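Q: Residue numbers (UniProt numbering): 1 to 385. For glycine and all other residues, C-beta sits at the position ideal for the given N, C-alpha and C. Just so you know, these numbers come straight off a predicted model, no measurement behind them.
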Amino acid sequence: MAMLLQDHEKNMTRLLPLQESPFTTKPGEEEHDFDLDEAELLHEEDALDEDEEQEEAEDTTEEPLQEEEPVPTYTAKSSHPAALIEAAGEPGDTLETYLREMGRVPLLTSEQEVQLAQQIERGKLEQERARLLKVPPEHAIMDSAQNARDRLTEANLRLVVSIARKYMGRGMALADLIQEGNAGLMLAVEKFDYTRGFKFSTYATWWIRQAINRAIANQARTIRLPVHFHEAVNRLHRTSSQLFQELGREPSAEEIAERMHISVDTVYDILEAGKQPISLESPVGDDGDSSLGDFVEDQVTASPADITTRNILREQIAHVLDELNERERHIIQYHFGFLDGKEHTLAEIGENLHLSRERVRQIEAKALRKLRQSYSSRQLKDFLN
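1) Where arginine 100 and leucine 185 are concerned, what is the direct C-alpha to C-alpha distance, given to the nearest angstrom?
2) Give me the Cα-Cα distance between isoleucine 307 and glutamine 299, rounded to the nearest whole angstrom.
3) Whole angstroms are fine: how far does the CA of proline 137 sit from the CA of isoleucine 212?
4) Counting along the chain, where does the alpha helix (DSSP H) carrying leucine 132 start and finish?
5) Check whether the segment 198 to 213 and the segment 258 to 265 are in contact - that is, three or more C-beta pairs closer than 8 Å.
6) Taking the beta carbon of glutamine 219 as the centre, do at least 16 other beta carbons fall within 10 Å, making it buried, or is it exposed?
7) What span of residues does the alpha helix (DSSP H) with phenylalanine 200 cover, start to end?
8) Ignore the nearest five residues each way along the sequence and tell me which others in leucine 324's own chain have a CB closer than 6 Å to its CB.
9) Starting from valine 284, follow its DSSP beta bridges and name the residues at the other end.
10) What are the boundary residues of the alpha helix (DSSP H) that glutamate 326 is part of?
11) Kindly indicate the opening and closing residues of the alpha helix (DSSP H) around residue 407.
12) Would you check if the distance between the CB atom of proline 304 and the CB atom of threonine 222 is smaller than 8 Å?
13) With a threshold of 8 Å, are at least 3 pairs of Cβ atoms found where one atom belongs to the segment 172 to 192 and the other to the segment 148 to 159?
14) For arginine 361 versus leucine 346, is the C-beta distance shorter than 8 Å?
15) Tell me which same chain residues have a C-beta within less than 6 Å of the C-beta of phenylalanine 200, skipping the five on either side of it?
16) Quick one: what's got a C-beta closer than 7 Å to glutamate 250's C-beta in the same chain, skipping five residues either side?
17) Taking only the alpha-carbon atoms, compute the straight-line gap between valine 105 and proline 226 and give it to the nearest angstrom.
18) Which same chain residues, not among the five before or five after glutamine 379, have their C-beta less than 7 Å away from its C-beta?
19) With arginine 149 as the anchor, note down where its alpha helix (DSSP H) starts and where it stops.
20) Around the Cβ of tyrosine 167, are there at least 16 other Cβ atoms within 10 angstroms (buried) or fewer (exposed)?
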């Protein structure tokens, strides 16, 4: 316990003075654009916890038919609420209000991001200290940490919108994409390590894209595909597009399989899984007066002709069974399900009539012989055709 408290005191001492960091943005450089290359992404992934990194790696989906986008730039023009509303391209009072309110939050400098990250870390250390000593945490430190989380999150909401609008047309509305991206942003706030020397937006971009990609894989399709299969569909579409540009025609399944180093059967499986369901309300024809459902045969609901035939058959069977006595009629009706649609066994019928199974079988055989010899039963032969 003493050693844990000593480590805690060392961490708190490290956070007390805010030293100027070598990666702090100098005055006049806050508005400069920056790009996120593959090396930075790989470097940021090393900062993740081992379990989280494995989980995210399994659920990562690739953008179909797109190259990796650079991190959206934080310029005065792109940060303006009107510019974000125009870029969103989706009407709606709620979304427009959200974008306007979001645009009023000022951007943060690198030094401010470090200060907020330190306040969040102080809150985590205070919570750990309170847990070890089994005492309530200091409310002032915890409130300061929560305020820092809120400020860091709100200042980067426009980053989420900039990334989310690049995923429009993937089966999810822009508002839903923003919501999923915000969840990734909040996770990035909790995991951000300011000592690595990277800007928060560089780190948060990876988490925002992860959250949006996972949401698209889980929610965008009517029939959900496993994440690895969703990635396979994206790779196949990307490969097909590349071959179309190279060949000037639609590539064959064999050509796609050769480029992707998979079998032709696997290509057909991926194509089949990647199909989207079509609504029965989809218009058909140039005039649009007809829908697809008008041309699909209903194989479940009986037609009026079938209903009429069944009613006549039911009446004929009832007329034929009237030639049997009550006990014979009871056995035939229950054994063949004429009453409740359920075929009862001879044992069940015998229990109901207080007869043995063998005696019920004998009565049934006698009744069937009587029906075969009946003139009325010959009328039922017409229904066999």
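A: On the basis of the supplied data:
1) Their backbone Cα atoms lie some 19 Å apart in a straight line.
2) Distance between the alpha carbons of isoleucine 307 and glutamine 299: 14 Å.
3) Distance between the alpha carbons of isoleucine 212 and proline 137: 35 Å.
4) Counting along the chain, the alpha helix (DSSP H) containing leucine 132 begins and ends at 110 to 133.
5) Result no; under three Cβ-Cβ pairs closer than 8 Å.
6) When all chains shown are included, glutamine 219 counts as exposed.
7) First-last of the alpha helix (DSSP H) with phenylalanine 200: 200 to 219.
8) Cβ neighbours of leucine 324 within its own chain (closer than 6 Å, five residues either side excluded): Ala367.
9) Answer by DSSP bridge pairing, in chain order: Ser290.
10) Annotation for glutamate 326: the continuous alpha helix (DSSP H) segment containing it runs 326 to 335.
11) There is no way to answer for residue 407, as the model of the chain reaches only from 1 to 385.
12) Their beta carbons are not under 8 Å apart, which means proline 304 does not touch threonine 222 by this criterion.
13) Touching, yes.
14) Cβ atoms of arginine 361 and leucine 346: closer than 8 Å.
15) In the same chain as phenylalanine 200, and ignoring 5 residues on each side of it, the C-beta atoms closer than 6 Å to its own belong to Glu113 and Phe192, in chain order.
16) Only Phe244 meet the Cβ criterion.
17) Cα to Cα, the separation comes out at about 38 Å.
18) For glutamine 379, where only same-chain residues beyond five positions count, the Cβ hits under 7 Å are Gln316.
19) For arginine 149, the enclosing alpha helix (DSSP H) covers residues 139 to 154.
20) Tyrosine 167 should be labelled buried.
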